[in-house]
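Working notes, beginning with the structure itself.
Residue numbers (my numbering): 437 to 607.
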């Protein structure tokens, strides 16, 4: 008797049931994994960019601004999407077309939100002095709050420009 190659209905049904069960288990674990990756990478990447802005200010002997920006020109208040650093020649705290853009970092937070909690002036950017690389009235903390309260952290920037990481219990 001739047997045609292929799968029977029973074999296909069992295969589909196994795939559905694996998907139901894997999708939540994938989101949990991505949330933990975002939580681990954000302080490390942000620390690197803070230190780079500090060193750029020292090397260039000009003020360097680190701020959130959606269009790489106007500094805004949303630290969850893009962070830029630039040489601020005219000290207006905005990236003008004639000013050098040093870095542009896409954070794209999907599993938490970050804000800058400041002491001193209420601007939403950090200015590193060209003469010393120290932040001008910019000590404060970046606070990251996970949406599912997986973990939260505070990245503290001191008056000397040093960065340290603390875990937060709640936001």
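Backbone N, C-alpha and C fix where the C-beta goes; we use that ideal spot for every residue, glycine too.
- One Cα belongs to residue 597, the other to residue 457, and the distance between them is close to 50 Å.
- If one requires a minimum length of 3 residues, the beta strand (DSSP E) runs lying completely within the stretch 506-570 are 518-523, 537-542, 548-554 and 562-564, in chain order.
- About 5 Å separates the CB atoms of residue 519 and residue 541; that is less than 8 Å, so the two are in contact.
- Within its own chain, the residues whose Cβ lies closer than 8 Å to the Cβ of residue 500, once the five positions on either side in sequence are excluded, are 489, 490, 492, 493, 521, 522, 523, 524, 538, 563, 564 and 566, listed in chain order.
- Ranked by Cα distance from residue 496, the options 590, 588, 586 and 569 are led by 569.
- Residue range 445-496 is occupied by the alpha helix (DSSP H) that includes residue 479.
- Look at residue 573 here: in three-state DSSP terms it is coil, with no helix or strand label.
- Boundaries of the beta strand (DSSP E) around residue 588: 588-593.
- Around the C-beta of residue 466, fewer than 16 other C-beta atoms lie within 10 Å, and the residue is accordingly described as exposed.
- Under the three-state reduction of DSSP, residue 607 is assigned to coil, being neither helix nor strand.
- Between residue 508 and residue 485, the beta carbon gap of about 14 Å keeps them out of contact (Cβ cut-off 8 Å).
- In this structure, DSSP gives residue 583 a state outside helix and strand, which the three-state scheme calls coil.
- 585 is the residue among 576, 585, 561 and 446 whose C-alpha sits nearest the C-alpha of residue 472.
- Taking a C-beta distance under 9 Å as the contact criterion, residue 526 and residue 535 qualify as a contact pair.
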